[in-house]
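**Q** I have a structure here, written as structure tokens, and I will follow up with some questions on it.
Here is the structure:
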């Protein structure tokens, strides 16, 4: 356990003083290699090998598909279509924001991309219609976390690539949970808006025409069918998503501008490149922890001290809750996954249930202070303080964790579609 303590102390120190996550992970990996008398070339080897992962290519393409959706008019049409469904309802714009985030998430898979894409359209509209800037920012941040839960999901791609579990099963396992979280957030938005009078007796905002909306609504359905039917792998589907978004934006909507494409590619490469660098450093850390038999020791400790799977899940939730508060999503998945895989098997917990629960709980950390990335996006968007935005986020946070607890009590929320309907896995 001394290796684990060394890692936690060093990483925690570097992270606390503001060293970037990837450098904190790399430094921790190097020190642990030296402490165990291992060659530093192992770090370079593990870093490079982790890059050579076909499955992770999907991350770049899904992010790029989201960029093209924004530039090609698809995102705006989704918002316009949803706005017609909630006309005259208290909190209408907040509900539009959350539902649009869910629909955008069904194509993109990234929390940050979802919040920025929908927020760029909805934040000015909400403030214009009298919603407070802090509540508007909180609503956008809350909607953003649906991105990594409703399929496709970039965190689930990373998790599946680490454990070898079916990415298609993980994707479909997150579907009902993502819908449940969205509904919980919609209820919160409605109740808060009704109490404050948001969206009542105010002029409607025109988000533009919905001509050709069917092409946008078919998109997420097409992605899910291709993956779950086994017609394409998630990586192949992500590449197809880029082509689909481009064809629709350029030739059907005729809003896609080819001069903007290089900038879209650069933004997508920066986003995925940052994640890949973290993947490389975290893979090296995970290898050293495995070399030091940390996962086996954790498994033995948990099996000997915990009597029931339910207790294990509660302890796991508390650990993930704390880690999600202080660490970004991708490194948390890569570092914790090897440690938890052993106990999950020992307690005979459904691996797809655990994978979705694991990713969703860590994702909730994106709106949990002090490090929640989506909180800072909301603060930047609204020019409001962290305290103001977090205060408005609290009801949404309760709704998200209520959905997670419901999934623990009723695991079928996660397992029913992939196991019982699509038969993507057994056991």
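In the numbering used here, the protein residues as written are 46 to 472.
The beta carbon of each residue, even a glycine, is placed where N, CA and C say it ideally should be.
1. Where residue 83 and residue 458 are concerned, what is the direct C-alpha to C-alpha distance, given to the nearest angstrom?
2. Restricting to Cα atoms, I'd like to know which of 231, 191 and 149 is closest to residue 138.
3. Need the endpoints of the alpha helix (DSSP H) that residue 422 sits in, please.
4. Quick one: residues in its chain with C-beta nearer than 6 Å to the C-beta of residue 264, no 5 flanking neighbours on either side, listed in chain order?
5. Measure from the alpha carbon of residue 342 to the alpha carbon of each residue in 105, 391 and 318, then state which is nearest.
6. What residue does the alpha helix (DSSP H) around residue 153 start on, and which one ends it?
7. Would a C-beta distance cut-off of 9 Å place residue 361 and residue 203 closer than the cut-off?
8. Quick one: Cα of residue 164 to Cα of residue 182, how far?
9. Any idea if residue 193 is buried or exposed, counting beta-carbon neighbours within 10 angstroms, 16 or more meaning buried?
10. Go through the region 396-470 residue by residue and report every complete run of the alpha helix (DSSP H) that reaches 4 residues or more, in order.
11. Compute every distance between the C-beta of residue 379 and the non-hydrogen atoms of the ligand SAM, then say whether any falls below 8 Å.
12. Rounded to a whole number of angstroms, what is the C-alpha to C-alpha distance between residue 167 and residue 115?
13. Closer than 8 Å is the cut-off here; do at least three beta carbon pairs connect the region 63-74 with the region 269-280?
14. Mind the definition here: the region 349-364 touches the region 116-124 only if three or more C-beta pairs lie below 8 Å; say whether that holds.
15. Roughly how many angstroms lie between the CA atoms of residue 331 and residue 273, to the nearest whole one?
16. Verify the CB distance criterion: does residue 331 have a CB-CB separation below 9 Å to chain B?
17. Beta carbon of residue 463, beta carbon of residue 217: below 9 Å?
18. Check this for me: beta carbons of residue 478 and residue 162, under 9 Å apart or not?
19. Please identify the residue among 75, 124 and 134 whose C-alpha is closest to the C-alpha of residue 244.
20. For residue 85 and residue 73, I'd like the C-alpha separation in whole angstroms.
21. Are residue 416 and residue 219 close, meaning C-beta to C-beta below 9 Å?
22. Whole-angstrom Cβ separation of residue 222 and residue 405, contact assumed at under 8 Å?
23. Can you name the start and end residues of the alpha helix (DSSP H) that residue 317 belongs to?
24. Can you tell me whether DSSP reads residue 278 as helix, strand or coil?
25. Rounded to whole angstroms, what is the Cα-Cα separation between residue 95 and residue 357?
26. Got a sec? Which residues, its chain only, sit under 8 Å from residue 305 by beta carbon, not counting five neighbours each side?
27. Residue 403 and residue 365 look like a contact to me (Cβ under 8 Å); what is the Cβ gap, rounded to whole Å?
28. Taking C-alpha atoms, which residue in 241, 196 and 122 lies nearest to residue 174?
29. Near residue 128, what residues of its chain come up, given a Cβ to Cβ distance below 6 Å and the 5 sequence neighbours on each side ignored?
30. Determine the extent of the alpha helix (DSSP H) in which residue 115 is found, giving its start and end residues.
31. Could you check the C-alpha separation between residue 430 and residue 443 for me, to the nearest Å?
32. Can you tell me which of 99, 418, 471 and 326 puts its alpha carbon nearest to the alpha carbon of residue 56?
33. Are residue 197 and residue 282 touching if we call contact CB-CB under 9 Å?
34. Confirm, please, whether the CB-CB distance from residue 158 to residue 287 is below 9 Å.
35. Using only CA atoms, which one of 410, 420 and 425 lies nearest to residue 435?
**A** In short:
1. 45 Å
2. 231
3. 418-427
4. 152
5. 391
6. 137-153
7. no
8. 8 Å
9. buried
10. 396-409, 418-427, 431-454 and 457-460
11. Among the components of this structure there are no ligands whatsoever, and the ligand SAM is therefore not found.
12. 13 Å
13. no
14. no
15. 30 Å
16. Given the protein chain composition of this structure (a single chain), no chain B is represented.
17. yes
18. Past the boundaries of the shown model lies residue 478; the chain is included only from 46 to 472, so the question cannot be answered.
19. 134
20. 12 Å
21. no
22. 6 Å
23. 306-336
24. coil
25. 30 Å
26. 116
27. 7 Å
28. 241
29. 141 and 252
30. 102-117
31. 21 Å
32. 326
33. yes
34. no
35. 420
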